[in-house]
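J.: Residue numbers (the working numbering): 26 to 404. All C-beta atoms, glycine included, are put in the ideal place defined by N, C-alpha and C. So that we are looking at the same thing, I have put the structure below in structure tokens.
The structure is reproduced here in structure tokens:
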């Protein structure tokens, strides 16, 4: 296992961080099936050299922290650092923050949390957390020894990331990043900004929810033609670990074989390890994926709100995911949200407001109908 510097913190952690969100769960990752198997997987990772374990209050129907706490008995807790998270929707004042943190400590069977994150932050959520005193609470808990580092996980546009990361004395940040997300959310600009600030970065969705683990034919052809043979998973993780700003890459594993494969991969990676030819390959791979894009929607949301109630960016995201990664639209997170809120393309009024507002002048009306049909939503 390779170990990497955590920015300004002066500590090291394993390049492979075990994500504890999907153990033996259904496709949505919200159910524990086999607790003993999950414990075995966690300990297998630690015995292999993993020192960073990531969970959250809401993961696995609020059972992930419990399972992790059980796995860290028998001396395993002393060998690792734990990251868990405070969700905004469960706290409205200091008393509730204290109660939730104490509950998490109890579940994890520990007296302190190493990396404590405000969960899923963007600018709006950060302002809310400040309004209820979460920033002061984190500082107080750090002084009290209940948490070691003040952190946040991020989902939002780069502009929000730039604001949030510079508005507080953060110790670590967790972002979604992979070779397809270089211009999405925090993106490469956010990663580099964190690096300049000395703030270590932990990566989630390094395989984009598993979509990058199995390459479509045009992408696999590029991998096959390259002189060095690696799996799509290894290429994706190698590309991430090439970035010196990244401290740890999270990977969720459901089987012992996945743990072992990750241990093998993360024993071979270093910052700046990729050759110019390898970097060119990954640029070509990205372009090959992009060539399968159905519509060039950037989710700028200038088209929203839709007078008919259609979640236009969500429909297009699900459509692109189907073409890019072979995702079943009915299992796509965007589509699940659309159907839950009755915001499908079947509500389109063909009024044209979206097309007049679109800065890219996309044929939105016709594309919505094509997307809805191709995804089988008319069935």
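#1: Which whole-angstrom value describes the C-beta separation of residue 369 and residue 344, a residue pair presumed to lie in contact below a C-beta threshold of 8 Å?
#2: Mapping the DSSP letters down to three states, classify residue 178 as helix, strand or coil.
#3: For residue 355, which of 230, 318, 400, 386 has the nearest alpha-carbon?
#4: At which residues does the beta strand (DSSP E) containing residue 78 begin and terminate?
#5: Taking the alpha helix (DSSP H) that residue 236 belongs to, which residues open and close that run?
#6: Could you give the uninterrupted runs of the alpha helix (DSSP H) lying entirely in the region 74-132, keeping only those of 4 residues or more?
#7: Keeping to the same chain, check which residues put their C-beta closer than 6 Å to that of residue 43; ignore five residues upstream and five downstream.
#8: State the Cα-Cα distance for the pair residue 151 and residue 253, rounded to the nearest angstrom.
#9: Where do the N-terminal and C-terminal ends of the beta strand (DSSP E) with residue 372 fall, by residue?
#10: Which one or two residues does DSSP pair with residue 273 in a beta bridge?
#11: Going by DSSP in three states, residue 52 sits in which element: helix, strand or coil?
#12: When the distance is taken between beta carbons, is residue 272 closer than 9 Å to residue 207?
#13: Note down, in chain order, each residue of its chain lying with its Cβ closer than 8 Å to the Cβ of residue 323, except the 5 sequence neighbours on either side.
#14: Report the option in 383, 237, 277 whose CA atom is closest to the CA atom of residue 311.
#15: How many Å lie between residue 158 and residue 240 at the Cα?
#16: Looking only at C-alpha atoms, which of 360, 194, 306, 160 sits nearest to residue 338?
#17: Closer than 8 Å is the cut-off here; do at least three beta carbon pairs connect the region 182-195 with the region 122-134?
#18: Figure out for me which residue from 153, 210, 137 has the closest Cα to the Cα of residue 325.
#19: Nearest to residue 65 by CA position, among 332, 334, 390, 284, is which residue?
#20: Checking the sheet assignment: what are the DSSP bridge partners for residue 201?
#21: Output needed for residue 38: all residues of its chain with C-beta closer than 7 Å, excluding positions within five of it in sequence on either side, in chain order.
#22: Contact defined as beta carbons within less than 8 Å: I believe residue 327 pairs with residue 383. What is the distance between those atoms, to the nearest angstrom?
#23: Can you give me the C-alpha to C-alpha distance between residue 26 and residue 300, rounded to a whole angstrom?
#24: From which residue to which residue does the beta strand (DSSP E) around residue 139 run?
T.: Quick answer:
#1: The pair is not a contact, with the Cβ atoms about 12 Å apart (cut-off 8 Å).
#2: strand
#3: 400
#4: 77-79
#5: Where residue 236 is concerned, there is no enclosing alpha helix (DSSP H), given that its DSSP letter is neither H nor E.
#6: 84-87, 89-96
#7: 70, 75, 78
#8: 44 Å
#9: It is not in any beta strand (DSSP E) - residue 372 carries neither H nor E in the DSSP assignment.
#10: 227
#11: A caution first: residue 52 carries a pLDDT of 42, below 50, which makes its placement in the model too unreliable to give a value.
#12: no
#13: 385
#14: 237
#15: 45 Å
#16: 360
#17: no
#18: 210
#19: 284
#20: 229
#21: 28, 29, 31, 76, 77, 106, 272, 273
#22: 6 Å
#23: 21 Å
#24: 138-146
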